[in-house]
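Residue numbers (the numbering used here), protein chains in the order written: chain A, 1 to 252; chain B, 1001 to 1316. Beta carbons are placed, not taken as given, at the ideal position from N, Cα and C, and that holds for glycine. Since we're looking at a predicted model, the values are computed, not measured. Read the structure below first, then the notes.
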Amino acid sequence: MRILALIRQVLDAEETVRIRAGEVDLSASKLVVDTMDEYGVEQALRIRESGVDAEVIALAIGAERNREALRTVLAMGADCAIHVTTELALDPIALSKVAAQVAQQEKIDLIFCGGQQADWDSHALGAATAERLQWPQATWVSALEIHGQTLTGRHDAEDGSEMFSVQLPAVVTTQQGLNEPRYPTVPNIMRAKKKELRVVSMESFQVEPKLKVIGAEIQVRARLHKILDGKDASAAAAELVELLRNEARVIA
Amino acid sequence: MILMVVEHANGKLSKSTYEMATCARELGREGPVTALVLGYATATVANEVALLVDQVLVADHAELAQYDPEIWSAAVAQIASEGDANAVLIGGSRSGREYSPRVAVKLDAPLLEDVVSVVSTEGVVLAERYTYLARVTEKVTADAPVVVITLKQAAFAAATSGTQAAEQFDVELTLPQRRVQITGKSLEKSSRISLAEAEIVVAGGRGVGSAEGFRTLVEGLADVLGAAVGATRAIVDTGWRPYSEQVGQTGKTVQPKIYIAIGISGAVQHLSGMGKSKCIVAINKDADAPIFKVADYGIVGDVNQIVPAMIAAVRK
Ligand SMILES: Cc1cc2nc3c(=O)[nH]c(=O)nc-3n(C[C@H](O)[C@H](O)[C@H](O)COP(=O)(O)OP(=O)(O)OC[C@H]3O[C@@H](n4cnc5c(N)ncnc54)[C@H](O)[C@@H]3O)c2cc1C
Chain A
1 MRILALIRQV
11 LDAEETVRIR
21 AGEVDLSASK
31 LVVDTMDEYG
41 VEQALRIRES
51 GVDAEVIALA
61 IGAERNREAL
71 RTVLAMGADC
81 AIHVTTELAL
91 DPIALSKVAA
101 QVAQQEKIDL
111 IFCGGQQADW
121 DSHALGAATA
131 ERLQWPQATW
141 VSALEIHGQT
151 LTGRHDAEDG
161 SEMFSVQLPA
171 VVTTQQGLNE
181 PRYPTVPNIM
191 RAKKKELRVV
201 SMESFQVEPK
211 LKVIGAEIQV
221 RARLHKILDG
231 KDASAAAAEL
241 VELLRNEARV
251 IA
Chain B
1001 MILMVVEHAN
1011 GKLSKSTYEM
1021 ATCARELGRE
1031 GPVTALVLGY
1041 ATATVANEVA
1051 LLVDQVLVAD
1061 HAELAQYDPE
1071 IWSAAVAQIA
1081 SEGDANAVLI
1091 GGSRSGREYS
1101 PRVAVKLDAP
1111 LLEDVVSVVS
1121 TEGVVLAERY
1131 TYLARVTEKV
1141 TADAPVVVIT
1151 LKQAAFAAAT
1161 SGTQAAEQFD
1171 VELTLPQRRV
1181 QITGKSLEKS
1191 SRISLAEAEI
1201 VVAGGRGVGS
1211 AEGFRTLVEG
1221 LADVLGAAVG
1231 ATRAIVDTGW
1241 RPYSEQVGQT
1251 GKTVQPKIYI
1261 AIGISGAVQH
1271 LSGMGKSKCI
1281 VAINKDADAP
1291 IFKVADYGIV
1301 GDVNQIVPAM
1311 IAAVRK
């Protein structure tokens, strides 16, 4: 079985977002593999380690810096990586065109993709890729098992969770609870340097962005910051309730 | 036409449908606002939405009783193509965000996801959406004859119903086979007010100490305020609370009038789900906890002392 893990390199959540000239500027920021995508890599590795004859291929699409993210994933244990290079900022619908073509070329049976991107706050890449391949999808998966060609698991729906079953090939989008992604160990980091990281040019995929980002700003809501000292608990509580009732007027 | 896909549950229109109607009316694209009702035994829903739009298309079939992303996207794309839709509005619910990308691919249309505002002028659609874990507001444009848009929950005002009911038409759909079998459900229905729709939310984090602490402090305060309850991932992970109560990046997004955070540190991923609340109140023993940076009001102190005193003060 061939498993493709879609990888996105995003701003580390602990970093502050910087804006320059109406655009998010990542040039001086710490970038990491999107945690949401790591769950997919981890799950793919667990499938391989469970004795299924599987190869785990990681794919990143974007600027050159993405190679670092792919090296991390190779160090986690992926077998090889593909980097489609482009400086274009592509929206998820455009990205899915590349992902689907790579999946076909690589004869992939199962694709993992993070449930939500930490940069574009988007849920679209997995579903759009599934549609282009005419595959079914299971999104927000928090438990997964594989038996032959059948995937079974649990995923989050509108109100609570559902158990599902679906045949391969399929796209699975991942989220917290699925597993605890491993950290790359030093020997594995060394080993990863020898693994194949294939660089492919974007041109062959014929992709145009569907959206244009024309501005970005950080909106900080002005907050009142009326913070009381709670040493005298009942006095502080009474004052707070009074403020919420009569100043903010948000409780009855 | 402007096509909006009706969201409904338990025989009633969801609040998001009223929000979609506002968006559709103000979008600035031509043609009748058309509601598409997908489901089974949807007569009351169709009648309700008829008071919000110009026409109603109804697909009422047993096989639509259970949502499926492939079936939903096929139905919506078919109706959008047949009706020459120039915009397709879909709710920002979990399912809406799950099937809308498939609709966009089928229609070869741009997808504007989870927008908080959107307007079309001279064919170009301009939308605002939150990005980077809701820390940034980005403006995006799409220049295309048809666009697919999902609306962030609670970002648009709810439209009021008119008195004139729009005409309803039954539609014939060619639907694909269901490939994902749902073999079980565990509904996490609580008797409380729904988080997404509540005006007051009381939320607890690890600082409440235990599942029991959550019940006495968080639920105790929520009870006297008539509030919904929320939780951080840290305590959902430990099993103190169900996932359906989680607020944040991987949980729910809420925007109540007042959000009271009890023993919550204020991690970025948590803020991403509640940072747009109108008024934020924090109770935490650590004066340097990041939650205080976004708080309008707060008390530095032990939740075990402060919260019972607040419950008493509210009761007074
Ligand atoms: C990919 C990803 C997605 C995530 N998604 C989410 C999400 O959706 N929602 C979410 O919430 N988190 C999410 N997280 C986790 C997030 O990073 C934090 O770990 C989590 O929000 C912390 O929860 P907490 O505030 O309850 O716990 P802590 O960070 O441990 O904070 C506890 C707070 O309680 C205070 N405290 C302790 N005892 C007392 C006392 N007696 N009185 C008063 N105060 C006290 C402490 O000072 C501290 O500030 C996500 C993380 C990742 C990596």
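- Shown here, Ile189(A) sits in a helix according to DSSP, grouped into three states.
- Fully contained in the region 1205-1252 of chain B are the following alpha helix (DSSP H) runs of length 4 or more, in chain order: 1220-1225 and 1233-1237.
- Here Leu133(A) is not near Glu42(A), since their CB atoms are 9 Å or more apart.
- Rounded to the nearest whole angstrom, the C-alpha separation of Pro1145(B) and Ser1120(B) is 11 Å.
- With contacts defined by Cβ atoms closer than 9 Å, Leu1013(B) and Val1005(B) do not form a contacting pair.
- Contact of Arg132(A) with chain B by beta-carbon distance below 8 Å involves Val1105.
- Per DSSP, the continuous alpha helix (DSSP H) segment holding Lys1015(B) begins and ends at Lys1015 to Glu1026.
- In summary, the residues of the region 1285-1296 of chain B whose CB is separated from some CB of chain A by less than 7 Å are Phe1292, Val1294, Ala1295 and Asp1296, in the order they occur in the chain.
- In the DSSP assignment, Arg1129(B) is bridged to Val1115(B) and Glu1138(B).
- For the beta strand (DSSP E) assignment, the uninterrupted runs of no fewer than 3 residues enclosed by the region 79-120 of chain A are, from N- to C-terminal side, 80-85 and 110-114.
- Among the residues of chain A, those whose CB is under 8 Å from the CB of Gln1181(B) are Phe164, Ser165 and Val166, following chain order.
- In the assembly as shown, Ala69(A) is a buried residue. Its beta-carbon has 16 or more other beta-carbons within 10 Å.
- Counting only Cβ-Cβ distances below 7 Å, Arg18(A) has no contacts in chain B at all, with the closest Cβ about 10 Å away.
- The alpha-carbon separation between Pro1256(B) and Val1202(B) amounts to approximately 10 Å.
- With 16 or more other Cβ atoms from the protein chains shown falling within 10 Å of its own Cβ, Asn66(A) counts as buried.
- For ligand 1, residues qualifying as neighbours are Thr35(A), Gly1205(B), Arg1206(B), Gly1207(B), Thr1232(B), Arg1233(B), Ala1234(B), Gly1248(B), Gln1249(B), Thr1250(B), Gly1251(B), Gly1263(B), Ile1264(B), Ser1265(B), Ala1267(B), Gln1269(B), His1270(B), Asn1284(B), Lys1285(B), Asp1286(B), Ala1289(B), Asp1302(B) and Val1303(B), where qualification means a beta carbon closer than 5 Å to at least one of its heavy atoms (chain order).
- Looking at the backbone, the Cα of Ala1234(B) and that of Lys194(A) are separated by about 38 Å.
- Closest in alpha carbon position to Lys226(A), among Glu1122(B), Lys1293(B) and Val1124(B), is Lys1293(B).
- A contact is defined here as three or more CB-CB pairs under 8 Å, and the region 161-173 of chain A fails this definition with respect to the region 53-65 of chain A.
- Boundaries cannot be given for Glu64(A), as no alpha helix (DSSP H) includes it and DSSP labels it neither H nor E.
- Check the Cα spacing between Pro1290(B) and each of Ile1299(B), Leu1271(B) and Gly1266(B): the tightest is with Gly1266(B).
- Val1147(B) is positioned such that its CB atom lies closer than 9 Å to that of Pro1110(B).
- Nearest neighbour of Leu1126(B) by Cα position, chosen from Gln1153(B), Gly1028(B) and Asp1288(B), turns out to be Gly1028(B).
- In this structure Val1229(B) is in contact with Glu1219(B), their Cβ atoms being roughly 6 Å apart against a cut-off of 8 Å.
- Using a Cβ-Cβ cut-off of 9 Å, Asp109(A) is close to nothing in chain B; its nearest Cβ partner there is about 15 Å away.
- With respect to the 9 Å criterion, Ala236(A) and Ala1309(B) are classified as neighbours on the basis of their beta carbons.
- Here Ile108(A) is buried, its C-beta having at least 16 other C-beta atoms within 10 Å.
- Cα atoms of Asp1108(B) and Met163(A): separation of roughly 32 Å, rounded to the nearest angstrom.
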